[in-house]
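Novice: Quick note: the sequence shown uses our numbering, first residue 195, plus one each step. Even for Gly, the Cβ is constructed at its ideal location relative to N, Cα and C.
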Amino acid sequence: MLTRRPRRIAAALGYDRIRVYPRGSEWVRIELLIGDPLDGEVPAPLAGRGLSVSDVEITIARDELGNPLRQSWVEGPHVCIQGATRSGKSVWCYSALAQLARLDDVLIAGSDLSGLLLGRPYVGTRHHEWQATGSADVEAHRDLLVRLVAEMDTRIRNLPPRRDKFTRFHAGFPLIVVVLEEFAGLLRLASTAPVEKGQPKMREQLLALYGRLVSEGHKAGLRLMVVTQRADATVVGGFERGQLGLRISFRLDDPEALVMLHGQSARDHLEEHQLAPPGSRWSRHPPGRWAGSADRG
Numbered sequence: 195m196l197t198r199r200p201r202r203i204a205a206a207l208g209y210d211r212i213r214v215y216p217r218g219s220e221w222v223r224i225e226l227l228i229g230d231p232l233d234g235e236v237p238a239p240l241a242g243r244g245l246s247v248s249d250v251e252i253t254i255a256r257d258e259l260g261n262p263l264r265q266s267w268v269e270g271p272h273v274c275i276q277g278a279t280r281s282g283k284s285v286w287c288y289s290a291l292a293q294l295a296r297l298d299d300v301l302i303a304g305s306d307l308s309g310l311l312l313g314r315p316y317v318g319t320r321h322h323e324w325q326a327t328g329s330a331d332v333e334a335h336r337d338l339l340v341r342l343v344a345e346m347d348t349r350i351r352n353l354p355p356r357r358d359k360f361t362r363f364h365a366g367f368p369l370i371v372v373v374l375e376e377f378a379g380l381l382r383l384a385s386t387a388p389v390e391k392g393q394p395k396m397r398e399q400l401l402a403l404y405g406r407l408v409s410e411g412h413k414a415g416l417r418l419m420v421v422t423q424r425a426d427a428t429v430v431g432g433f434e435r436g437q438l439g440l441r442i443s444f445r446l447d448d449p450e451a452l453v454m455l456h457g458q459s460a461r462d463h464l465e466e467h468q469l470a471p472p473g474s475r476w477s478r479h480p481p482g483r484w485a486g487s488a489d490r491g
């Protein structure tokens with residue numbers, strides 16, 4: 195009971211929040227926090243020039259005590275980010291991608307209908323030719339995914355003997371971060387796109403390419419970052435959703451979406467999550483409240 199209602203206990207004790215740590219079967223340790231360490235700005239330091247993605251960890255959040263949480267993108271899984279409009283998910287993506295794009299052995303690729311997360315920020319860089327943006331040409335997004343799948347297949351064929359994945363990268367062989375910004379919107383647009391007679395519908399082509407990238411990309415040095423308002427199975431797929439190992443949820447209009455992505459244990463956080471301010475989020479890896487890498491206000 196104590197671990198399920200920390201905010202109510204904190205209010206009764208006159209503190210901003212508490213942390214409860216079980217100690218055996220009869221005792222708990224309670225830490226009382228005078229203020230909220232997540233209020234205000236949470237900076238995301240950029241990696242120094244000349245460093246490799248194999249040697250650095252990217253700051254992705256801070257925990258409830260204000261400690262930075264970092265993630266190795268070489269060892270890390272594919273990522274799924276969900277959240278309502280103005281919940282903070284785009285700012286988190288800007289922060290994470292800014293840290294990654296600075297590394298010479300990382301390529302930022304992907305699809306973005308708005309052209310705000312990808313596209314314009316990368317004009318004139320080595321990343322831009324691996325990106326499809328805008329809603330005028332759905333085939334360009336499909337062709338970009340085809341190109342990424344072809345690159346993945348080439349890498350898998352060239353895996354050294356007795357190796358099941360790539361772990362070292364350089365400028366000529368970068369780790370590829372594949373961003374799918376608002377993938378649900380792309381699928382809706384594709385559902386009305388014309389195709390040649392006898393060809394699968396555009397939506398089905400996109401889903402098939404996405405499925406291959408999710409299931410086989412990790413071994414080839416590709417990491418997906420799927421960004422959507424709601425990680426519904428009709429968008430990210432049931433099996434595919436299971437391959438998105440780092441799952442981040444910002445405030446959601448439908449709190450049941452939290453359970454859909456994080457499992458039944460997330461039910462204990464539904465009320466607080468529904469009222470979370472921009473930049474505050476929950477994840478199952480590790481569990482708890484996180485602050486985004488930007489101003490929460």
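(1) Can you tell me whether I350 sits near the ligand NAP, meaning its C-beta is under 8 Å from at least one heavy atom of the ligand?
(2) Using the C-alpha atoms, what's the distance from V273 back to V430?
(3) Quick check on the burial criterion: 16 or more other C-beta atoms within 10 angstroms. Buried or exposed for E375?
(4) Does F433 come out as helix, strand or coil in the three-state DSSP assignment?
(5) Measure the C-alpha to C-alpha separation of V214 and D257 and round it to an integer number of angstroms.
(6) With distances taken between CB atoms, is the gap from L301 to L369 smaller than 9 Å?
(7) Given D400, which residues of its chain have a CB within under 8 Å of its CB, disregarding the five upstream and five downstream residues?
(8) Does the pairing of the stretch 351-361 with the stretch 385-404 give three or more beta-carbon distances under 8 Å?
(9) Where do the N-terminal and C-terminal ends of the beta strand (DSSP E) with G304 fall, by residue?
(10) T422 lies in the beta strand (DSSP E); which residues open and close that run?
(11) State whether the stretch 243-252 contacts the stretch 386-394, with contact taken as three or more CB pairs (one from each stretch) at a distance under 8 Å.
(12) Keeping to the same chain, check which residues put their C-beta closer than 6 Å to that of P216; ignore five residues upstream and five downstream.
(13) Closest by CA to D426, which one among A206, R445, A204, A378?
(14) Report the three-state DSSP secondary structure of P394 (helix, strand or coil).
(15) Got a sec, what are the start and stop residues for the alpha helix (DSSP H) E375 sits in?
(16) Under a Cβ-count criterion, where at least 16 other Cβ atoms within 10 Å of its own Cβ denotes burial, should R351 be classed as buried or exposed?
(17) Mind checking which residues open and close the alpha helix (DSSP H) that includes V538?
(18) Here's a check: name, in chain order, each residue in its chain whose Cβ is nearer than 8 Å to the Cβ of L407, leaving out the five neighbours to either side.
(19) Residues in the same chain with beta-carbon distance under 7 Å from P481, minus the five sequence neighbours each way, listed in chain order, please.
(20) Could I get the ranges of all uninterrupted alpha helix (DSSP H) runs contained in the stretch 253-319, with 4 residues as the minimum, in chain order?
(21) Whose CA, out of L310, G439, V420, lies closest to the CA of G277?
(22) Rounded to whole angstroms, what is the Cα-Cα separation between Q437 and L455?
(23) Name the one or two DSSP bridge partners that W221 has.
(24) Could you check which residue in T361, Q423, G439, S281 has the C-alpha nearest to that of V250?
(25) Do G318 and L312 have their C-beta atoms within less than 9 Å of each other?
(26) Please name the residue in S266, I254, R461, F363 whose C-alpha comes closest to that of P449.
(27) Cα separation between R478 and E390?
(28) Quick check on DSSP: helix, strand or coil for T327?
(29) State the Cα-Cα distance for the pair W484 and V332, rounded to the nearest angstrom.
Specialist: Here's the rundown:
(1) The ligand NAP is not among the ligands present in this structure, which contains no ligands whatsoever.
(2) Cα to Cα, the separation comes out at about 11 Å.
(3) buried
(4) helix
(5) In a straight line, the C-alpha of V214 is about 14 Å away from that of D257.
(6) If you check the CB distance, L301 and L369 come in under 9 Å.
(7) Position check: residue 400 holds Leu in this sequence, whereas Asp was assumed. H335, R336, L339, L380, L381, A384.
(8) no
(9) 300-306
(10) Taken as a continuous stretch (DSSP letters only), the beta strand (DSSP E) holding T422 covers 416-422.
(11) no
(12) V222
(13) Ranking the options by Cα distance to D426, first place goes to A378.
(14) coil
(15) No alpha helix (DSSP H) holds E375; the beta strand (DSSP E) holding it covers 369-375.
(16) exposed
(17) Residue 538 lies beyond the range of the chain shown here (195 to 491); nothing can be said about it.
(18) L339, L342, V343, M346, V372, L416, L418
(19) Confidence is the limiting factor: at P481 the pLDDT is only 40, short of 50, which leaves the residue's position unreliable and the question unanswerable from this model.
(20) 283-295
(21) V420
(22) 12 Å
(23) Note: W221 sits in a beta bridge opposite R217.
(24) T361
(25) no
(26) The shortest Cα separation from P449 among S266, I254, R461, F363 belongs to R461.
(27) Residue placement at R478 is flagged as unreliable, the pLDDT there being 45, under the threshold of 50; the coordinate-derived value follows with that caveat. For R478 and E390, the distance between alpha carbons rounds to 43 Å.
(28) Three-state result, T327: strand.
(29) With a pLDDT of 45 at W484, under the threshold of 50, the modelled position of this residue cannot be trusted; read the value that follows with caution. Taking the straight line from one Cα to the other gives about 35 Å.
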